[in-house]
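For the sequence shown, our numbering assigns the number 763 to the initial residue and increments by one for each residue that follows.
Virtual Cβ for every residue (Gly too), placed ideally from N, Cα, C.
Since this is a predicted model, take the numbers as computed values, not measurements.
Heads up, the thing below is written out as structure tokens.
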Amino acid sequence: MFEQSLILDYLFFIFFFCEYLNYVLLFQIHFEIIRMSDTILIIGACGQIGTELTQKLRDIYGSEQVIASDIREGSPEQMSAGPFEILDATDKDGILQIVKKYNVSQVYLMAAMLSATAEKYPHKAWELNMTSLLGVLDLAKEKHIKQVYWPSSIASFGPTSPKVNTPQQTVMEPSTVYGISKLAGEHWCNYYHDKYGVDVRSIRYPGIISWKTKPGGGTTDYAVDIYFQAVENTSYECFLSENTRLPMMYMQDAVNATIQLMQADASTIKTRTSYNLAAISFTPEEIAAEIQKHIPEFEISYKTDFRQAIADSWPQVIDDSQARADWNWNHEFDLSLMTKDMLENLS
Ligand code: SER
């Protein structure tokens, strides 16, 4: 009798356990279908990050689900890889038309004027960086779209912020036009989330290094140009001084982080201004030494310009422990792995 009841208990346990597994599996499949049914619009898809983000999102969601857009046409390869629209990021009505045409649910707003160019055209930079963001945030507030991604930058910190292990929350007094626009944008994101429930997510990118598309008009651009010049000319004249340490990241890590943040459960997102994100920090002298391990004849010289002051106002090493804790961010590429991959792809 006792044994029979034990067997029955055991069978009940197995039954309920299987039911539980079934439920968990169904829930996961359901969640996955909802996520994969998203249609994504990328604004600024032909830029440095936009190009690779578009490719990765198309691999995940399917080419037809990811609409690339930019103010100008991209490479023939990009134009033929899936839907493409010419779009001015500051044209809210134009964005709305495309949102309606494709039934877009998520927007990645990647169009921006970077730090060095923004110092030359302050008003244009403010207009592009702010009008585009407010337009997209309004579309989300008006429920035309469900989710927004908008990049901020290490430039939102300033000379009075701690330079090493710069915390998520600290003194932020940017001294560049680009930094002012990024810090203001972060607070608009937070405001739209708090006031209107807009699901907007953001990362403070460090300098991003890539070989497919070059950046344009940034202060961290030297860390991309140096690889191109090393392969083409075995020499590079750097516009920052040899000891200027800045936070940097390889493109694959940046793209993975961006998508990981957008796919994270909303309950895990504790920061609605923008997340600190870090991978590597190095100086021009250190990156040159790493390149010399592969190209021993490579030579670097230094001739600083106005970008030195911009770099000097930024952090050297970022503390990104909150991103790591909230949505499990982890980088893969260090300086040596990145250098190997860059040189292999450029040679
Ligand atoms: N890479 C940017 C720049 O140099 C910083 O976010 O402007």
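TODO: Determine contact between the segment 867-876 and the segment 905-916, defined as no fewer than three beta-carbon pairs at a distance below 8 angstroms.
DONE: Flag = yes, the segment 867-876 and the segment 905-916 touch.
- [ ] Determine the DSSP secondary structure at Met1011, reduced to helix, strand or coil.
- [x] Counting from one through the sequence shown, the residue named residue 1011 turns up at place 249. Met1011 falls in the strand class under three-state DSSP.
Task: Same chain, Cβ closer than 7 angstroms to Ile796, five either side skipped, listed in chain order - done: As a working mapping, residue 796 is identified with position 34 in the sequence shown. Bear in mind that a pLDDT of 49 at Ile796, under 50, signals an unreliable position, so the number given afterwards is only what the model happens to contain. Excluding sequence neighbours, Ile796 sits near nothing in its chain.
Open item on the list: On the DSSP bridge list, what partners appear for Cys1000?
Closed with: Translated into the one-based positions of the sequence shown, residue 1000 becomes position 238. DSSP, once it has assigned bridges, lists Tyr1064 as partnering Cys1000.
TODO: With distances taken Cα to Cα, identify the nearest neighbour of Val960 among Thr1101, Glu881, Ala902.
DONE: The residue you call residue 960 lines up with position 198 of the sequence shown. Ranked by Cα distance from Val960, the options Thr1101, Glu881, Ala902 are led by Ala902.
- [ ] Hey, could you find the ends of the alpha helix (DSSP H) Leu815 is sitting in?
- [x] The sequence position of residue 815 within the sequence shown is 53, counting from 1. Taken as a continuous stretch (DSSP letters only), the alpha helix (DSSP H) holding Leu815 covers 810-823.
Task: Completely contained beta strand (DSSP E) runs for the segment 841-878, where each covers 3 or more residues - done: Uninterrupted beta strand (DSSP E) stretches at least 3 residues long and entirely within the segment 841-878 occur at 846-848, 868-871, given in chain order.
TODO: Give the DSSP-derived three-state secondary structure of Gln986 in the structure shown.
DONE: Stepping through the sequence shown from its first residue, residue 986 is reached at position 224. Note that residue 986 is Val in the sequence shown, not Gln. Judged by DSSP in its simplified three-state form, Val986 adopts helix.
Task: C-beta atoms of Leu876 and Val962 nearer than 9 angstroms - done: Against the sequence shown, residue 876 aligns to sequence position 114. Against the sequence shown, residue 962 aligns to sequence position 200. Taking 9 angstroms as the Cβ cut-off, Leu876 and Val962 do not qualify as a contacting pair.
- [ ] May I ask you to check if the CB of Thr1101 is nearer than 8 angstroms to at least one heavy atom of the ligand SER?
- [x] Taking the first residue of the sequence shown as position 1, residue 1101 is located at position 339. When distances are taken from the beta-carbon of Thr1101 to the heavy atoms of the ligand SER, even the shortest one reaches 8 angstroms or more.
Task: Ile829 to Ala1041 span [Cα, whole Å] - done: Residue numbering aside, residue 829 sits at position 67 when the sequence shown is read from its first letter. Residue numbering aside, residue 1041 sits at position 279 when the sequence shown is read from its first letter. Distance between the alpha carbons of Ile829 and Ala1041: 29 angstroms.
Task: Gly941, enclosing alpha helix (DSSP H) - first and last residue - done: Along the sequence shown, one-based indexing puts residue 941 at 179. Residue range 939-958 is occupied by the alpha helix (DSSP H) that includes Gly941.
Open item on the list: With a threshold of 9 angstroms between beta carbons, is Asp821 in contact with chain B?
Closed with: Chain labels in this structure do not include chain B; a single protein chain is all it has.
Open item on the list: Need the endpoints of the alpha helix (DSSP H) that Arg1086 sits in, please.
Closed with: The count along the sequence shown starts at 1 and reaches residue 1086 at position 324. Membership of Arg1086 in the alpha helix (DSSP H) is indicated by the continuous run 1083-1089.
Task: Other residues of its chain near Val924: CB distance less than 8 angstroms, five sequence neighbours each side excluded - done: Taking the sequence shown and counting its residues from 1, one reaches residue 924 at position 162. First, the residue type needs correcting, since residue 924 is Pro and not Val in the sequence shown. So the qualifying residues of the chain are Thr932, Val933, Pro1077.
Open item on the list: Tell me the DSSP secondary structure of Ile1053 in three-state form.
Closed with: Translated into the one-based positions of the sequence shown, residue 1053 becomes position 291. Three-state result, Ile1053: helix.
Task: Same chain, Cβ closer than 8 angstroms to Pro936, neighbours up to 5 away in sequence not counted - done: Locating residue 936 in the sequence shown gives position 174, where the first residue counts as 1. These residues qualify, in order along the chain: Ala917, Ser918, Phe919, Gly920, Ile942, Lys944, Leu945, Ser1075.
Open item on the list: Whole angstroms are fine: how far does the CA of Thr801 sit from the CA of Asp983?
Closed with: Here residue 983 is taken as the residue at index 221 of the sequence shown, counted from 1. Here residue 801 is taken as the residue at index 39 of the sequence shown, counted from 1. Just so you know, the alpha carbons of Asp983 and Thr801 end up roughly 32 angstroms apart.
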